[in-house]
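Novice: Please find one structure pasted underneath; my questions will follow.
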Amino acid sequence: MLDKHLPLEAAAEVINELGLDSGQTRRANRTMQRIVHRAWTRRGTAKRALTFDEFADAVPECHWSLMFEVCALILLGRDTDACALITAARRLEAARSVQGAP
């Protein structure tokens with residue numbers, strides 16, 4: 001079962017585009033969930049006033065989709081594609097912050 005935060009349409013697109021089977025989908029999903037949990041645990045105790053569920057709810061849907069795709073690409077041994085996707089996302093986020101876009 002996919003994480004409740006992962007938009008189903010985006011997940012279906014990644015699964016279809018990359019040809020993931022159910023095991024690969026499950027592993028990519030589990031890895032994505034671990035990344036978010038690790039991010040939550042690495043926050044200082046003062047910042048950990050949010051529960052894990054509240055923290056996960058605050059992660060934008062587009063970030064869940066991106067993490068799922070990156071995890072799937074890495075799982076498939078396509079590390080170069082995963083790195084290119086991460087780099088493109090970082091550049092886009094930097095451009096948005098410069099422009100002051102939400």
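Take 1 as the starting number for the sequence shown in full-length UniProt numbering and just add one per residue. Every residue, glycine too, gets a C-beta built ideally from N, C-alpha and C.
In chain order, which beta strand (DSSP E) runs of at least 3 residues are fully inside the region 38-70?
Specialist: The region 38-70 contains no whole beta strand (DSSP E) run of 3 or more residues.
Novice: Cα separation between G23 and F68?
Specialist: Rounded to the nearest angstrom, the two C-alpha atoms are 14 Å apart.
Novice: Nearest to M1 by CA position, among E93, R26, P7 and N16, is which residue?
Specialist: Looking at the Cα atoms, R26 is the closest of the given residues.
Novice: I'd like to know whether the C-beta atoms of S97 and P7 end up nearer to each other than 8 Å.
Specialist: No, these two residues do not count as a Cβ contact at 8 Å.
Novice: Using only CA atoms, which one of G100, L75, F52 and D79 lies nearest to I15?
Specialist: Closest by alpha carbon: L75.
Novice: CA-CA distance, L18 and R43?
Specialist: Distance between the alpha carbons of L18 and R43: 33 Å.
Novice: Measuring alpha carbon to alpha carbon, tell me which residue in K47, R38, L73 and R34 is nearest A11.
Specialist: When only C-alpha atoms are compared, the closest one is L73.
Novice: Measure the beta-carbon distance from D3 to N29 and round it to whole angstroms, keeping in mind my assumption that it falls under 8 Å.
Specialist: About 6 Å separates the two Cβ atoms, so the contact holds.
Novice: Where does the unbroken alpha helix (DSSP H) through L18 begin, and where does it stop?
Specialist: L8 to L18 is the extent of the alpha helix (DSSP H) around L18.
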